[in-house]
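*Asks:*
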Amino acid sequence: MQQSPPPRARRIRRALAASGLALAAGVLTSCATAAPEPRPTTPQPTFTAEPPTVTPTPSEPSDEERAAATSALIDAIASGDTAAASAAIDAGADLEQRGEQGRTPVVAATKTGQVEIAVLLLEAGADPNAQDDLQDSAFLYAGAEGLDDILRATLDHGADVTSTNRFGGTALIPASEHGYVSTVEMLIEAGVPVDHINNLGWTALHEAIILGNGSDDHVRVVAALLNAGADPRLPEGNGVMPRDLAVSNGYTAIVAEIDRALAPA
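The sequence shown runs -34 to -1, 1 to 231 under mature numbering (1 follows the signal peptide of the UniProt record, and there is no 0).
And the structure:
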């Protein structure tokens, strides 16, 4: 029969068992409450914002520079130097500066037949309606003189097709007088009124007959005017009808064109 351990031994065993449980509990507690080790951090790259690129705007020419460029432009027109005129325009020349007889550069270029320079000026913004002391503009003068390249440029850049010269006439009236067929057709297409009456009481049809010479070109001009709606029954300032004007001048081909327009449809 097995003997039980003495009481002292039992007490020692119980003390050891109790201390073992306490040690285990202490280990668990210390594990549960220990702070976690910090995780290493990766340094983040830094960026510096670049300032926006600013394109410098070209500076305006000074008054002295503009005056010099304008003077150079006038000289270029007088000499017909297209390259010099272009450089003066780029340098800031005043395109509306009045010179001799109140002419702006584009009027001066038009009146001296500088076609390329006149077109350059119009493309650069010159006013096609600016009139000189004789009330001629680039548009009116080009129409009157059959300068079709300049005329076309004035129409492309805002010419007033209803503007009038010192005789109270549109560009179409002197163009008809001179028998400029292509010019007359361009002006009609642009919308110049065909029955406008000038200070003498004449329309383009009247002027083509009175001041024309009955040439083939004048016959074609009369036909173009009648086809565009010019009134063959409208008398001139003294009450004479267009057909009678043509008859009195012996312009039989023009009489035939008027008869055609007067015939019943």
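Positions of the beta carbon are idealized from the N, C-alpha and C atoms, including for glycine.
#1: Give a yes or no on contact between the stretch 36 to 55 and the stretch 95 to 102, applying the rule of three or more CB pairs nearer than 8 Å.
#2: Fully enclosed by the stretch 14 to 84, which alpha helix (DSSP H) runs are 4 residues long or longer?
#3: On the CB-based measure, 16 or more other CB atoms within 10 Å of its CB, does Asp228 come out buried or exposed?
#4: For Met207, which option in Phe133, Thr76, Ala108, Glu173 has the closest C-alpha, if you only look at C-alpha atoms?
#5: Mind checking whether Asp122 and Thr149 have CB atoms under 8 Å apart?
#6: Since Leu153 and Leu138 are thought to touch, with beta carbons under 8 Å apart, how far apart are those beta carbons, to the nearest angstrom?
#7: For the stretch 144 to 210, which segments carrying the alpha helix (DSSP H) assignment without a break, of at least 4 residues, lie completely within its bounds, in sequence order?
#8: Which term fits Gln67, buried or exposed, when burial requires 16 or more other beta carbons within 10 angstroms of its beta carbon?
#9: Quick one: grab the DSSP three-state call for Arg118.
#10: Is it the case that the Cβ atoms of Glu82 and Thr70 are separated by a distance below 8 Å?
#11: Quick one: what's got a C-beta closer than 7 Å to Val221's C-beta in the same chain, skipping five residues either side?
#12: Whole angstroms is fine: what's the gap from Leu86's alpha carbon to Ala141's?
#13: Where does the unbroken alpha helix (DSSP H) through Phe133 begin, and where does it stop?
#14: According to DSSP, is Tyr107 part of a helix, a strand, or is it coil?
#15: Measuring CA to CA, which of Thr120, Tyr107, Ile116 is closest to Gly135?
#16: Leaving out the 5 sequence neighbours to the left and right, which residues in its chain are closer than 8 Å to Val160 when beta-carbon positions are compared?
#17: What three-state label does DSSP hand Leu100 in the structure shown?
#18: Under 8 Å, do Gly145 and Gly178 count as touching if we go by C-beta distance?
#19: For Ser(-5), which residues from the same chain have a beta carbon less than 7 Å from its beta carbon, with the 5 sequence-adjacent residues on both sides left out?
#20: Suppose the cutoff is 6 Å on Cβ atoms and the five residues either side in sequence are ignored; what does the same chain contact list for Ala92 look like?
#21: Provide the residue span of the alpha helix (DSSP H) that contains Asp225, from first to last.
#22: Indicate the three-state DSSP secondary structure (helix, strand or coil) for Pro94 in the structure shown.
#23: Would Ala59 pass as a contact of Ala35 if the rule is Cβ separation under 8 Å?
*Replies:* Quick look at the numbers:
#1: no
#2: 29 to 45, 48 to 56, 71 to 77
#3: It should be pointed out that residue 228 corresponds to Leu in this sequence rather than to Asp. So Leu228 counts as exposed.
#4: Glu173
#5: no
#6: 5 Å
#7: 147 to 156, 170 to 176, 182 to 193
#8: exposed
#9: helix
#10: no
#11: Arg209, Ala212, Val213
#12: 24 Å
#13: Looking at the DSSP string, Phe133 is not in any alpha helix (DSSP H), and its letter there is neither H nor E.
#14: helix
#15: Tyr107
#16: Leu138, Ile154, Thr169, Ala170, Leu171, Leu191, Ala194, Gly195, Ala196
#17: coil
#18: yes
#19: Residue confidence for Ser(-5) is low, a pLDDT of 45 falling below 50, so the modelled location carries little weight; the figure read from the coordinates is stated next. If we look at Ser(-5) and ignore the five residues flanking it on each side, it has no Cβ neighbours.
#20: Leu61, Val72
#21: 218 to 228
#22: coil
#23: yes
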